[in-house]
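Report on the following structure.
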Amino acid sequence: MNKRVAVIGGRPAPIYGAKKLGIDVVLVHEEGAYEQEIVAHCEKIVHADITDGNAVINALEELHLQRPFDRIITTTEVAGESTGKAVDHFGLAGVSYKTAHLLKDKLAMRDLLAAHDLSPVAYSRVDCKEDAIEFVNRYGRSVLKPAEGVASLHIHPCEDEQSVFSALKALEAAGVKNIIIEEYLEGPVVSVDSFSFARQHIPIGYSEYRMNDRYVEWEVSTPSTAAKPWLSELRSMTCRLLDVLELEEGPSHSEFVLTKKGPRILESHARLAGSGAPSLVKRAFGLDLNRMFLTVPLGIDNLPEVSPEPIAGAAIQFFVPAPGTVKEVNLNLAPDVDVRRTKVGETPLVFLPYLFELDDAKNAVVIQKHEGEYIPPLNTVADCVSGYVLATGASREDAVAIANDLVEGVHFIIEPQP
């Protein structure tokens, strides 16, 4: 009999091919929030609020009684805690509510790390402006941000009373109530993508980023050059982090800042990484995290015994043209580049359209903006909506150089904002 899983929310890539693997997928999602092509890969689709644990449990209760689920999993941040509640309710192996909550609550995470003397970083809860001012006076340059924030939203560096006031005012305007302040971590940002099973953790890929002054990542490349001198420590720290989080199984994505004092944990997630990272890992390390998302927990594939060595370099770079209205898009690309365009006037439901279809393309370009359409300022990752390039090379540096050339070959002619 086929294995059976419930997948809560998320994007379709990990579900593709499930039926060929002998896996029946029940997708729990919000109506209109998923791609219609995914229907063919599912046993059933159930509509529910994916952020509400009780709603998810109610949606699955009868189905579980009829034929029990082997796993309940998610790869989307917003459904982490609700999925954890369902995992606990049905008594299944997986990411528990406790682990999901620790990953979401940055104050709880810092408390946990401090209790285990892991990656020391000065931090504090902020209940009033005096808390933040006192912290800055003690530690110097700091960062104010939501204690439950994601995707580089509402991150505000501060170094004096005036910048503290400005940051708190911006956070208040954004409706942020739970605020954390941390010492500013100076250095390149890198990440480690891992997979776990039965509380055994195997670090797999390691990437680095280029970002703008708002900490929006517009390029991801792997294997990280910056991480290599610290690779042994990063892998060890990742496993220690996942241990203290009590992560039982599944993918994880942990971010670090390489400071002068060594790597410091920025944050972690019990899910597949965004910005096309699983595709980059597959190109650079030969392991398919999207497939493993389903197969390793179900015993179809085994967890690798050791971390793989890189076999290539890979990079994804978003187009970041100036804000304004598109007048035209001109291409000057080699004929072997796979070029895709989204439909005019259509907003894709997926963040990276065509990514799954481009698995076998060595180098690719996806254009998402067309004549007459508006390009927003790059304030968050969600503003990376103009398209992207995907490149594979002999090394990370080679892949980045290819990606740069691909970006240079695409010209967005923009009518600037008034």
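Sequential numbering from 1 applies to the sequence shown in my numbering. Don't be surprised by glycine CBs; every beta carbon is placed ideally from N, CA and C.
Under the three-state reduction of DSSP, which class applies to residue i: helix, strand or coil?
i      : result
Arg11  : coil
Val306 : coil
Ile311 : coil
Asp70  : coil
Glu397 : helix
Met1   : coil
Asp24  : strand
Arg214 : coil
His156 : strand
Tyr97  : helix
Thr392 : strand
His64  : helix
Phe351 : coil
Arg6   : Checking the sequence, you will find Ala at residue 6 rather than Arg. Reduced to three states, the DSSP call for Ala6 is strand.
Express the C-alpha separation of residue j and residue i in angstroms, rounding to a whole number.
i      : j      : result
Lys369 : Val189 : 29 Å
Val257 : Ser232 : 15 Å
His156 : Glu246 : 31 Å
Asp160 : Phe135 : 10 Å
Leu340 : Leu355 : The sequence shown places Arg at residue 340, rather than the Leu named in the question. About 10 Å.
Gly409 : Gln162 : 43 Å
Leu185 : Glu61  : 45 Å
Val426 : Pro310 : No statement about residue 426 is possible, as the shown extent of the chain runs from 1 to 418 and does not include it.
Gly9   : Thr74  : 7 Å
Val400 : Pro263 : 24 Å
Ser236 : Pro203 : 9 Å
Ala270 : Leu107 : 17 Å
Glu397 : Phe69  : 44 Å
Asp243 : Arg110 : 15 Å
Leu241 : Leu118 : 8 Å
Ala114 : Asn332 : 52 Å
Arg67  : Leu112 : 38 Å
Leu352 : Glu255 : 21 Å
Tyr123 : Glu183 : 6 Å
Val344 : Trp230 : 45 Å
Ile133 : Asp88  : 41 Å
Leu272 : Ser191 : 12 Å
Under DSSP, the beta strand (DSSP E) around residue i begins and ends at which residues?
i      : result
Glu219 : Glu217 to Thr222
Glu415 : Val410 to Pro416
Asn290 : Segment Leu289 to Thr295 is the alpha helix (DSSP H) holding Asn290; no beta strand (DSSP E) there.
Asp88  : No beta strand (DSSP E) contains Asp88, which is instead part of the alpha helix (DSSP H) from Gly80 to Phe90.
His253 : Gly250 to Thr259
Thr325 : Gly324 to Leu331
His269 : Gly262 to His269
Glu183 : Ile179 to Glu183
Ala364 : Ala364 to Ile367
Val126 : Tyr123 to Val126
Ser191 : Val189 to Phe197
Specify, as a first and last residue, the run of the alpha helix (DSSP H) that residue i falls within.
i      : result
Glu161 : Glu161 to Ala173
Val143 : Per DSSP, Val143 belongs to no alpha helix (DSSP H); it is in the beta strand (DSSP E), Ser142 to Pro146.
Asp131 : Lys129 to Tyr139
Thr380 : Per DSSP, Thr380 belongs to no alpha helix (DSSP H) and is neither H nor E.
Asp52  : No alpha helix (DSSP H) contains Asp52, which DSSP labels as neither H nor E.
Pro278 : Ala277 to Phe285
Asp338 : Asp338 -> not in any alpha helix (DSSP H); beta strand (DSSP E) instead, spanning Asp338 to Arg341.
Glu233 : Leu231 to Val244
Leu272 : It is not in any alpha helix (DSSP H) - Leu272 carries neither H nor E in the DSSP assignment.
Lys106 : Lys106 to Ala115
Using CA coordinates, which residue listed in the options is at the minimum distance from residue i?
i      : options                           : result
Asn426 : Ile367, Glu346, Phe319 and Asp338 : The structure shown has nothing for residue 426, since the chain only spans 1 to 418.
Lys362 : Tyr206, Asp338, Thr342 and Cys384 : Asp338
Lys104 : Glu148, Leu287 and Leu298         : Glu148
Ala48  : Leu289, Glu35, Ile181 and Val28   : Val28
Glu305 : Gln200, Asp111, Ser191 and Arg71  : Gln200
Ile72  : Gln66, Ala59, Ala86 and Ala33     : Ala86
Glu77  : Gly274, Leu113 and Leu280         : Gly274
Val326 : Gly387, Val365, Gly175 and Pro14  : Gly387
Ala423 : Asp24, Thr99, Glu43 and Asn212    : A question about residue 423 goes unanswered here, because the residues of the chain that appear run from 1 up to 418.
Leu358 : Gly372, Met292 and Ser279         : Ser279
Ser82  : Gly91, Arg283, Thr99 and Val56    : Val56
Ala198 : Glu183, Pro377, Cys239 and Ala167 : Cys239
Glu54  : Leu168, Gly276 and Phe90          : According to the sequence displayed, residue 54 carries Asn and not Glu. If we check each option's Cα against that of Asn54, Phe90 comes out closest.
Report yes if the C-beta distance between residue i and residue j is below 9 Å; otherwise report no.
i      : j      : result
Gly313 : Tyr374 : no
Glu208 : Ser224 : yes
Val26  : Val46  : yes
Leu289 : Val5   : no
Pro144 : Ile181 : First, the amino acid is wrong: residue 144 is Leu here, not Pro. Cβ distance < 9 Å, so Leu144 and Ile181 count as in contact.
Val381 : Ile265 : no
Arg138 : Asp131 : no
Ala93  : Pro348 : no
Ser252 : Ser196 : yes
Asn330 : His411 : yes
Ile402 : Ala284 : no
Gly468 : Lys98  : Here the chain covers residues 1 to 418 and nothing more, so residue 468 does not appear.
Sorry if obvious, but does the Cβ on residue i come closer than 8 Å to a heavy atom of the ligand COA?
i      : result
Thr259 : The ligand COA is not among the ligands present in this structure, which contains no ligands whatsoever.
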